[in-house]
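Right, one structure below, let's go through it.
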Amino acid sequence: MDFHVLTLFPEMVSSGLNTSIIGRAIDKGLISLNTINIRDFSKDKHKRVDDYPYGGGAGMVIQAEPVYLAYTYLAGQIQEKFSG
């Protein structure tokens, strides 16, 4: 069984899951974990993915474009795995 996680912090996700019961399942080859860094799909030279909320207010939001690009990349990888 394959698990794919889109995240801004792939090291944190991997280290947290690799040291738990899920880590034992990974070691036994029962599951696999693939973390995809959303920042890798940013068009910004600084790999920035955050933006200000529309309509104002406090806080930050994640830009839709890098998330969409990461998702379509992952969907392509999965489709390629099953078709080829």
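Count along the sequence shown from 1, then add 686; that gives the number in the numbering used here.
C-beta: ideal position from N, C-alpha, C; glycine also.
| query | result |
| --- | --- |
| With C-beta atoms as the reference, is L782 less than 8 Å away from I724? | Outside the shown range of the chain (687 to 770) lies residue 782, about which nothing can therefore be said. |
| Tell me whether the beta-carbon of M687 lies closer than 8 Å to the beta-carbon of I707. | no |
| Distance check for K733 and G715, CA to CA, integer angstroms please. | 33 Å |
| Name the residue from S728, M698, S701 whose alpha carbon lies nearest to the alpha carbon of E789. | Any question about residue 789 goes unanswered here, given that the chain covers just 687 to 770. |
| Could you tell me if A744 is buried or exposed, where buried requires 16 or more neighbouring beta carbons within 10 angstroms of its beta carbon? | exposed |
| Measuring CA to CA, which of Y754, E697, L719 is closest to F689? | L719 |
| If T721 and P696 are in contact, beta carbons under 8 Å, what's the gap, nearest whole angstrom? | 4 Å |
| Apart from the five residues just before and just after I712, which ones in its own chain have a Cβ nearer than 8 Å to its Cβ? | L703, N704, S718, L719 |
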